[in-house]
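Numbering (the UniProt record's numbering), first residue to last: 1 to 424.
Where is the CB? At the ideal position from N, CA and C, for every residue including glycine.
As the structure is a computational prediction, the values presented were derived from the model and not from experiment.
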(Lines of atoms letter the chains of each structure in order from A; the text may use other names.)
(Lines give C-alpha, C1' and ligand atoms only; values in the text may rest on other atoms or scores of the structure.)
Protein backbone atom coordinates (compact mmCIF):
# COMPACT_ATOMS: atom_id res chain seq x y z
CA UNK A 1 0.00 0.00 0.00
CA UNK A 2 2.84 2.37 0.84
CA UNK A 3 4.71 1.69 -2.37
CA UNK A 4 1.64 2.10 -4.52
CA UNK A 5 0.88 5.39 -2.86
CA UNK A 6 4.36 6.75 -3.64
CA UNK A 7 4.20 5.65 -7.25
CA UNK A 8 0.92 7.54 -7.63
CA UNK A 9 2.48 10.90 -6.75
CA UNK A 10 3.56 11.89 -10.30
CA UNK A 11 0.11 11.10 -11.60
CA UNK A 12 -1.49 13.14 -8.84
CA UNK A 13 0.74 16.13 -9.63
CA UNK A 14 -0.26 15.89 -13.28
CA UNK A 15 -3.92 15.84 -12.29
CA UNK A 16 -3.38 18.90 -10.13
CA UNK A 17 -1.93 20.82 -13.06
CA UNK A 18 -4.76 19.73 -15.33
CA UNK A 19 -7.69 20.36 -12.99
CA UNK A 20 -6.25 22.82 -10.45
CA UNK A 21 -8.18 21.49 -7.47
CA UNK A 22 -7.12 21.62 -3.84
CA UNK A 23 -8.71 18.28 -3.06
CA UNK A 24 -6.31 16.38 -5.30
CA UNK A 25 -3.35 18.10 -3.63
CA UNK A 26 -4.26 16.51 -0.31
CA UNK A 27 -3.42 13.10 -1.71
CA UNK A 28 0.27 14.05 -1.96
CA UNK A 29 0.75 13.95 1.81
CA UNK A 30 2.69 11.09 3.34
CA UNK A 31 -0.02 9.94 5.76
CA UNK A 32 -2.20 6.94 5.00
CA UNK A 33 -5.49 7.63 3.23
CA UNK A 34 -8.57 7.49 5.41
CA UNK A 35 -11.40 5.12 4.66
CA UNK A 36 -14.68 6.78 3.84
CA UNK A 37 -17.78 5.68 5.68
CA UNK A 38 -20.80 4.62 3.72
CA UNK A 39 -23.67 7.04 4.25
CA UNK A 40 -27.21 7.10 3.08
CA UNK A 41 -28.11 9.04 -0.01
CA UNK A 42 -28.91 12.59 0.94
CA UNK A 43 -29.84 15.76 -0.80
CA UNK A 44 -27.36 17.90 -2.68
CA UNK A 45 -27.20 20.51 0.09
CA UNK A 46 -26.41 17.95 2.79
CA UNK A 47 -23.76 16.32 0.61
CA UNK A 48 -21.97 19.60 -0.06
CA UNK A 49 -21.90 20.39 3.68
CA UNK A 50 -20.36 16.98 4.50
CA UNK A 51 -17.68 17.40 1.88
CA UNK A 52 -16.77 20.88 3.10
CA UNK A 53 -16.50 19.64 6.71
CA UNK A 54 -14.20 16.83 5.61
CA UNK A 55 -12.03 19.25 3.69
CA UNK A 56 -11.65 21.54 6.70
CA UNK A 57 -10.61 18.71 9.03
CA UNK A 58 -8.09 17.31 6.55
CA UNK A 59 -6.65 20.78 5.99
CA UNK A 60 -6.09 21.25 9.72
CA UNK A 61 -4.29 17.91 9.93
CA UNK A 62 -2.08 18.86 7.02
CA UNK A 63 -1.17 22.18 8.67
CA UNK A 64 -0.24 20.37 11.89
CA UNK A 65 1.96 17.98 9.97
CA UNK A 66 3.79 20.86 8.29
CA UNK A 67 4.40 22.57 11.63
CA UNK A 68 5.90 19.47 13.24
CA UNK A 69 7.97 18.48 10.20
CA UNK A 70 11.74 19.08 10.60
CA UNK A 71 13.44 20.99 7.78
CA UNK A 72 16.70 19.56 6.52
CA UNK A 73 18.18 23.00 5.75
CA UNK A 74 16.37 26.26 6.58
CA UNK A 75 15.61 28.45 3.60
CA UNK A 76 17.62 31.42 4.88
CA UNK A 77 20.90 29.45 4.68
CA UNK A 78 20.50 27.80 1.28
CA UNK A 79 21.64 30.67 -0.94
CA UNK A 80 24.68 31.32 1.22
CA UNK A 81 25.71 27.66 1.16
CA UNK A 82 25.35 27.51 -2.62
CA UNK A 83 27.51 30.63 -3.04
CA UNK A 84 30.16 29.19 -0.74
CA UNK A 85 30.24 25.96 -2.73
CA UNK A 86 30.62 27.94 -5.96
CA UNK A 87 33.64 29.76 -4.52
CA UNK A 88 35.13 26.46 -3.38
CA UNK A 89 34.62 24.98 -6.83
CA UNK A 90 36.13 27.97 -8.68
CA UNK A 91 39.25 28.29 -6.51
CA UNK A 92 42.45 27.25 -8.30
CA UNK A 93 46.21 27.75 -7.75
CA UNK A 94 46.39 29.71 -11.03
CA UNK A 95 43.84 32.24 -9.72
CA UNK A 96 45.37 34.37 -6.93
CA UNK A 97 43.14 35.90 -4.34
CA UNK A 98 41.23 34.64 -1.33
CA UNK A 99 42.25 30.95 -1.50
CA UNK A 100 45.44 29.05 -0.70
CA UNK A 101 47.91 28.77 -3.63
CA UNK A 102 48.03 24.95 -3.51
CA UNK A 103 45.42 22.23 -4.25
CA UNK A 104 45.66 20.69 -0.77
CA UNK A 105 45.48 24.11 0.88
CA UNK A 106 42.39 24.99 -1.14
CA UNK A 107 40.60 21.83 -0.01
CA UNK A 108 41.52 22.43 3.64
CA UNK A 109 40.35 26.04 3.38
CA UNK A 110 37.05 25.00 1.80
CA UNK A 111 36.34 22.24 4.33
CA UNK A 112 37.10 24.46 7.32
CA UNK A 113 34.99 27.31 5.99
CA UNK A 114 31.95 25.14 5.37
CA UNK A 115 32.39 23.24 8.65
CA UNK A 116 32.59 26.44 10.71
CA UNK A 117 29.49 27.80 9.00
CA UNK A 118 27.51 24.64 9.78
CA UNK A 119 28.70 24.61 13.41
CA UNK A 120 27.88 28.28 13.87
CA UNK A 121 24.28 27.80 12.67
CA UNK A 122 23.78 24.30 14.14
CA UNK A 123 23.34 22.58 10.77
CA UNK A 124 24.37 19.05 11.71
CA UNK A 125 22.43 17.25 8.99
CA UNK A 126 23.65 19.70 6.35
CA UNK A 127 27.29 19.12 7.24
CA UNK A 128 26.80 15.35 7.27
CA UNK A 129 25.31 15.53 3.78
CA UNK A 130 27.97 17.91 2.44
CA UNK A 131 30.86 15.88 3.83
CA UNK A 132 29.57 12.55 2.60
CA UNK A 133 28.60 13.73 -0.89
CA UNK A 134 30.86 16.70 -1.65
CA UNK A 135 33.82 17.43 0.63
CA UNK A 136 35.45 14.12 1.50
CA UNK A 137 38.51 13.46 -0.62
CA UNK A 138 37.03 10.90 -3.02
CA UNK A 139 34.06 13.19 -3.73
CA UNK A 140 36.09 16.42 -3.79
CA UNK A 141 38.19 15.12 -6.67
CA UNK A 142 35.07 14.65 -8.79
CA UNK A 143 33.92 18.27 -8.85
CA UNK A 144 36.62 20.66 -7.58
CA UNK A 145 38.59 22.65 -10.13
CA UNK A 146 41.73 22.85 -7.99
CA UNK A 147 42.59 19.14 -8.28
CA UNK A 148 43.62 19.63 -11.93
CA UNK A 149 46.72 21.45 -13.14
CA UNK A 150 44.89 23.42 -15.83
CA UNK A 151 41.50 25.13 -15.79
CA UNK A 152 38.87 23.56 -18.02
CA UNK A 153 36.89 25.64 -20.49
CA UNK A 154 33.53 24.45 -19.18
CA UNK A 155 32.19 24.82 -15.65
CA UNK A 156 29.50 22.12 -15.87
CA UNK A 157 28.88 18.78 -17.56
CA UNK A 158 25.82 20.02 -19.44
CA UNK A 159 27.47 19.52 -22.84
CA UNK A 160 28.14 15.87 -22.06
CA UNK A 161 24.64 15.46 -20.66
CA UNK A 162 23.22 16.97 -23.85
CA UNK A 163 25.21 14.44 -25.87
CA UNK A 164 23.67 11.50 -24.02
CA UNK A 165 20.24 13.13 -24.06
CA UNK A 166 20.32 13.17 -27.84
CA UNK A 167 21.23 9.49 -27.97
CA UNK A 168 18.44 8.48 -25.59
CA UNK A 169 15.66 10.77 -26.80
CA UNK A 170 16.38 10.88 -30.53
CA UNK A 171 17.33 7.25 -31.18
CA UNK A 172 17.07 4.78 -28.30
CA UNK A 173 13.51 5.60 -27.30
CA UNK A 174 12.31 3.76 -30.43
CA UNK A 175 13.62 0.44 -29.06
CA UNK A 176 12.89 -1.53 -25.90
CA UNK A 177 16.09 -2.81 -24.25
CA UNK A 178 18.31 -2.44 -27.37
CA UNK A 179 21.30 -4.69 -27.86
CA UNK A 180 24.88 -3.38 -27.61
CA UNK A 181 25.52 -3.93 -31.31
CA UNK A 182 22.49 -1.77 -32.11
CA UNK A 183 23.83 0.98 -29.84
CA UNK A 184 27.23 0.83 -31.57
CA UNK A 185 25.54 1.03 -34.97
CA UNK A 186 23.55 4.11 -33.89
CA UNK A 187 26.69 5.86 -32.63
CA UNK A 188 28.69 5.15 -35.80
CA UNK A 189 26.03 5.55 -38.49
CA UNK A 190 23.48 7.98 -37.06
CA UNK A 191 25.22 10.22 -34.52
CA UNK A 192 28.86 10.54 -35.60
CA UNK A 193 28.19 11.89 -39.15
CA UNK A 194 26.35 14.89 -37.70
CA UNK A 195 29.39 15.83 -35.61
CA UNK A 196 31.73 15.30 -38.55
CA UNK A 197 29.71 17.66 -40.75
CA UNK A 198 29.56 20.32 -38.05
CA UNK A 199 33.31 20.07 -37.44
CA UNK A 200 34.01 20.44 -41.17
CA UNK A 201 31.89 23.59 -41.33
CA UNK A 202 33.85 25.12 -38.46
CA UNK A 203 37.33 24.23 -39.73
CA UNK A 204 36.98 24.52 -43.52
CA UNK A 205 37.40 28.01 -45.00
CA UNK A 206 34.93 28.20 -47.90
CA UNK A 207 34.92 31.99 -48.24
CA UNK A 208 31.41 32.22 -46.84
CA UNK A 209 30.04 32.90 -43.41
CA UNK A 210 30.75 30.07 -41.00
CA UNK A 211 28.77 29.24 -37.93
CA UNK A 212 30.55 30.39 -34.77
CA UNK A 213 30.37 28.74 -31.36
CA UNK A 214 27.49 30.02 -29.28
CA UNK A 215 29.78 31.05 -26.40
CA UNK A 216 31.37 33.86 -28.45
CA UNK A 217 28.20 35.95 -28.33
CA UNK A 218 28.01 35.58 -24.57
CA UNK A 219 31.71 36.39 -24.27
CA UNK A 220 31.33 39.58 -26.32
CA UNK A 221 28.32 40.67 -24.29
CA UNK A 222 30.16 40.08 -21.00
CA UNK A 223 33.33 41.87 -22.22
CA UNK A 224 31.46 44.96 -23.45
CA UNK A 225 29.49 45.13 -20.22
CA UNK A 226 32.66 45.05 -18.12
CA UNK A 227 34.17 47.80 -20.27
CA UNK A 228 31.35 50.13 -19.24
CA UNK A 229 31.19 49.07 -15.59
CA UNK A 230 32.70 51.88 -13.47
CA UNK A 231 35.49 50.99 -11.07
CA UNK A 232 34.83 52.22 -7.55
CA UNK A 233 37.47 54.66 -6.35
CA UNK A 234 39.58 54.34 -4.35
CA UNK A 235 40.36 50.82 -5.54
CA UNK A 236 40.55 48.17 -2.82
CA UNK A 237 44.18 47.67 -1.81
CA UNK A 238 43.68 43.90 -1.86
CA UNK A 239 42.97 43.97 -5.60
CA UNK A 240 46.08 43.50 -7.73
CA UNK A 241 45.71 43.36 -11.50
CA UNK A 242 48.17 41.87 -13.96
CA UNK A 243 47.08 43.00 -17.43
CA UNK A 244 49.71 40.93 -19.24
CA UNK A 245 48.58 37.65 -17.69
CA UNK A 246 44.93 38.64 -17.39
CA UNK A 247 44.84 37.97 -13.64
CA UNK A 248 43.26 39.84 -10.76
CA UNK A 249 42.82 39.11 -7.07
CA UNK A 250 39.21 40.33 -6.95
CA UNK A 251 36.62 37.59 -6.23
CA UNK A 252 34.69 38.28 -9.44
CA UNK A 253 37.34 36.83 -11.74
CA UNK A 254 37.42 33.36 -10.17
CA UNK A 255 33.65 32.90 -10.39
CA UNK A 256 33.36 34.39 -13.87
CA UNK A 257 32.37 32.06 -16.69
CA UNK A 258 35.09 33.50 -18.96
CA UNK A 259 37.66 34.32 -16.22
CA UNK A 260 37.45 38.08 -16.75
CA UNK A 261 36.58 41.03 -14.51
CA UNK A 262 36.24 44.78 -14.93
CA UNK A 263 39.77 45.41 -13.66
CA UNK A 264 41.33 43.09 -16.26
CA UNK A 265 39.15 44.35 -19.12
CA UNK A 266 39.73 48.03 -18.40
CA UNK A 267 43.47 47.48 -17.88
CA UNK A 268 43.78 46.55 -21.57
CA UNK A 269 43.30 48.65 -24.68
CA UNK A 270 39.87 48.68 -26.28
CA UNK A 271 39.63 45.69 -28.59
CA UNK A 272 38.25 45.81 -32.17
CA UNK A 273 35.20 43.75 -33.25
CA UNK A 274 37.41 41.16 -34.94
CA UNK A 275 38.80 40.30 -31.51
CA UNK A 276 35.62 38.49 -30.54
CA UNK A 277 35.75 36.36 -33.70
CA UNK A 278 39.39 35.30 -33.44
CA UNK A 279 40.33 35.31 -29.75
CA UNK A 280 41.46 31.96 -28.39
CA UNK A 281 41.18 30.65 -24.88
CA UNK A 282 43.88 28.78 -22.98
CA UNK A 283 43.80 26.59 -19.91
CA UNK A 284 46.64 28.51 -18.24
CA UNK A 285 47.38 32.20 -17.78
CA UNK A 286 46.96 34.24 -19.88
CA UNK A 287 43.58 32.70 -20.51
CA UNK A 288 42.84 34.81 -23.62
CA UNK A 289 45.35 35.48 -26.41
CA UNK A 290 45.00 37.74 -29.45
CA UNK A 291 47.32 40.27 -31.16
CA UNK A 292 44.97 43.16 -30.34
CA UNK A 293 44.81 42.28 -26.63
CA UNK A 294 47.47 44.64 -25.27
CA UNK A 295 47.83 46.36 -21.88
CA UNK A 296 47.42 50.10 -21.60
CA UNK A 297 50.47 52.31 -22.08
CA UNK A 298 50.65 53.19 -18.39
CA UNK A 299 51.15 49.50 -17.57
CA UNK A 300 54.81 49.92 -18.49
CA UNK A 301 55.30 52.03 -15.37
CA UNK A 302 53.91 49.40 -13.01
CA UNK A 303 55.89 46.79 -11.18
CA UNK A 304 55.31 43.11 -10.54
CA UNK A 305 55.15 41.37 -7.21
CA UNK A 306 56.60 38.00 -6.36
CA UNK A 307 53.30 36.38 -7.37
CA UNK A 308 53.48 37.87 -10.85
CA UNK A 309 50.83 40.50 -10.13
CA UNK A 310 51.16 44.19 -10.77
CA UNK A 311 51.94 46.54 -7.94
CA UNK A 312 51.61 50.30 -8.18
CA UNK A 313 54.23 50.74 -5.49
CA UNK A 314 57.96 51.23 -5.99
CA UNK A 315 60.51 48.53 -6.74
CA UNK A 316 61.64 47.50 -3.28
CA UNK A 317 64.59 45.52 -4.63
CA UNK A 318 66.27 48.67 -6.03
CA UNK A 319 66.04 51.03 -3.05
CA UNK A 320 69.19 53.07 -3.53
CA UNK A 321 69.93 56.09 -1.43
CA UNK A 322 69.31 59.54 -2.92
CA UNK A 323 72.81 60.65 -2.00
CA UNK A 324 74.29 58.09 -4.37
CA UNK A 325 72.67 59.84 -7.35
CA UNK A 326 74.07 63.33 -6.66
CA UNK A 327 76.89 62.87 -9.17
CA UNK A 328 74.57 61.83 -12.02
CA UNK A 329 73.77 64.20 -14.88
CA UNK A 330 70.41 65.93 -14.42
CA UNK A 331 68.86 64.65 -17.65
CA UNK A 332 65.96 62.37 -18.43
CA UNK A 333 67.04 58.98 -19.81
CA UNK A 334 66.12 58.45 -23.44
CA UNK A 335 65.93 62.17 -24.31
CA UNK A 336 68.62 64.33 -25.89
CA UNK A 337 69.82 66.91 -23.39
CA UNK A 338 66.50 67.41 -21.60
CA UNK A 339 67.10 68.32 -17.99
CA UNK A 340 64.94 67.25 -15.07
CA UNK A 341 63.55 70.75 -14.60
CA UNK A 342 62.57 71.04 -18.26
CA UNK A 343 60.91 67.63 -18.28
CA UNK A 344 58.99 68.33 -15.05
CA UNK A 345 57.89 71.78 -16.24
CA UNK A 346 56.56 70.18 -19.41
CA UNK A 347 54.45 67.71 -17.43
CA UNK A 348 53.23 70.45 -15.07
CA UNK A 349 52.13 72.57 -18.03
CA UNK A 350 50.14 69.68 -19.51
CA UNK A 351 48.44 68.98 -16.16
CA UNK A 352 47.65 72.66 -15.58
CA UNK A 353 46.12 73.10 -19.03
CA UNK A 354 44.11 69.92 -18.63
CA UNK A 355 42.83 71.12 -15.24
CA UNK A 356 41.59 74.31 -16.90
CA UNK A 357 39.86 72.23 -19.55
CA UNK A 358 38.18 70.12 -16.88
CA UNK A 359 36.84 73.23 -15.17
CA UNK A 360 35.33 74.24 -18.50
CA UNK A 361 33.63 70.81 -18.78
CA UNK A 362 31.83 71.30 -15.47
CA UNK A 363 29.09 73.46 -16.98
CA UNK A 364 27.98 70.69 -19.37
CA UNK A 365 27.37 68.10 -16.60
CA UNK A 366 28.26 65.20 -18.91
CA UNK A 367 28.46 61.99 -16.87
CA UNK A 368 30.24 60.21 -19.72
CA UNK A 369 33.19 62.58 -19.50
CA UNK A 370 33.40 62.03 -15.75
CA UNK A 371 33.36 58.25 -16.18
CA UNK A 372 36.10 58.40 -18.82
CA UNK A 373 38.21 60.58 -16.53
CA UNK A 374 37.79 58.21 -13.59
CA UNK A 375 38.48 55.13 -15.70
CA UNK A 376 41.37 56.29 -17.90
CA UNK A 377 43.02 58.47 -15.26
CA UNK A 378 42.56 56.10 -12.34
CA UNK A 379 46.29 55.48 -11.86
CA UNK A 380 47.14 59.20 -11.96
CA UNK A 381 44.31 60.07 -9.56
CA UNK A 382 45.50 57.40 -7.13
CA UNK A 383 49.01 58.87 -7.25
CA UNK A 384 47.69 62.40 -6.67
CA UNK A 385 45.55 61.35 -3.71
CA UNK A 386 48.40 59.35 -2.19
CA UNK A 387 50.79 62.32 -2.43
CA UNK A 388 48.28 64.78 -0.99
CA UNK A 389 47.40 62.38 1.83
CA UNK A 390 51.08 61.99 2.68
CA UNK A 391 51.53 65.76 2.68
CA UNK A 392 48.49 66.22 4.92
CA UNK A 393 49.78 63.69 7.46
CA UNK A 394 53.24 65.29 7.50
CA UNK A 395 51.77 68.75 8.09
CA UNK A 396 49.45 67.57 10.85
CA UNK A 397 50.64 67.82 14.46
CA UNK A 398 48.25 65.08 15.54
CA UNK A 399 48.37 61.41 14.80
CA UNK A 400 51.27 59.23 13.71
CA UNK A 401 53.45 60.32 10.80
CA UNK A 402 53.41 58.15 7.64
CA UNK A 403 55.82 55.23 7.63
CA UNK A 404 58.62 55.21 5.07
CA UNK A 405 57.91 51.62 4.04
CA UNK A 406 54.12 51.83 4.10
CA UNK A 407 52.97 49.91 1.01
CA UNK A 408 49.67 51.79 0.83
CA UNK A 409 51.64 55.02 0.24
CA UNK A 410 54.48 53.41 -1.69
CA UNK A 411 53.77 55.34 -4.89
CA UNK A 412 54.22 58.65 -2.97
CA UNK A 413 57.56 57.62 -1.46
CA UNK A 414 59.61 60.13 -3.48
CA UNK A 415 57.14 63.00 -3.09
CA UNK A 416 58.48 65.79 -0.86
CA UNK A 417 55.75 67.54 1.09
CA UNK A 418 55.42 71.30 0.91
CA UNK A 419 55.92 73.24 4.14
CA UNK A 420 52.88 74.21 6.17
CA UNK A 421 51.44 77.70 5.52
CA UNK A 422 52.56 78.87 8.98
CA UNK A 423 56.14 77.74 8.29
CA UNK A 424 56.33 79.71 5.04
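Between the C-alpha atoms of residue 289 and residue 415, what's the straight-line distance to the nearest angstrom? Approximately 38 Å between the Cα atoms of the pair.
Backbone secondary structure at residue 341 - three-state DSSP: In the structure shown, residue 341 falls within a helical segment according to DSSP collapsed to helix, strand and coil.
Give me whichever residues DSSP pairs with residue 268 in a beta bridge. For residue 268, which the question treats as bridged, DSSP gives the partners 295.
Measuring only the C-alpha atoms, how far is residue 353 from residue 384? Taking the straight line from one Cα to the other gives about 16 Å.
Whether or not the segment 145 to 157 and the segment 86 to 98 are in contact is what I'm after, with contact meaning three or more pairs of Cβ atoms, one per stretch, closer than 8 Å; do they touch? A contact exists between the segment 86 to 98 and the segment 145 to 157.
Beta-carbon contacts of residue 222 that lie in its chain and below 8 Å, excluding the five residues immediately before and after: Cβ within range, chain order: 256, 257, 258 and 260.
Cβ-based neighbour list, residue 118, same chain, cut-off 6 Å, excluding 5 preceding and 5 following: Closer than 6 Å at the Cβ level, and outside the excluded window around residue 118, lie 126 and 127.
Does DSSP put residue 205 in a helix, a strand or coil? Looking at residue 205 - three-state DSSP - the assignment turns out to be coil, as it is neither helix nor strand.
For residue 80, the first and last residue of its enclosing alpha helix (DSSP H): Counting along the chain, the alpha helix (DSSP H) containing residue 80 begins and ends at 75 to 90.
Which residue or residues does DSSP assign as beta-bridge partners of residue 288? In DSSP, residue 288 forms a bridge with 281.
So the alpha helix (DSSP H) residue 113 belongs to, where does it begin and stop? Element bounds for residue 113: 103 to 120.
Beta-carbon proximity of residue 295 to residue 268, cut-off 7 Å: Residue 268 sits close to residue 295, with the two beta carbons spaced by under 7 Å.
Using the C-alpha atoms, what's the distance from residue 376 back to residue 287? If I take the Cα positions, the gap works out to 24 Å.
Rounded separation between residue 175 and residue 164 - CA only: Computed Cα separation, rounded: 16 Å.
With DSSP collapsed to three states, give me the class of residue 248. DSSP places residue 248 in strand when its eight states are reduced to three.
Segment contact flag, the segment 263 to 282 with the segment 246 to 253, C-beta cutoff 8 Å, min 3 pairs: Yes, since at least three Cβ pairs between the segment 263 to 282 and the segment 246 to 253 fall closer than 8 Å, the two stretches touch.
Suppose contacts are defined by Cβ-Cβ distances below 7 Å. Is residue 390 in contact with residue 412 by that definition? Cβ distance < 7 Å, so residue 390 and residue 412 count as in contact.
Residue 241 in three-state terms, based on DSSP: Here residue 241 carries a strand assignment [DSSP, helix/strand/coil].
Round the Cβ separation of residue 409 and residue 386 to the nearest angstrom and send it over; I've been treating them as touching at under 8 Å. Right, the Cβ-Cβ distance comes to about 5 Å (below 8 Å), so this counts as a contact.
By alpha-carbon positions, which one of 72, 138 and 239 ends up nearest to residue 123? Comparing Cα positions, the closest option is 72.
Name the two residues that bound the continuous alpha helix (DSSP H) containing residue 172. In this chain, residue 172 is not harboured by any alpha helix (DSSP H), its DSSP state being neither H nor E.
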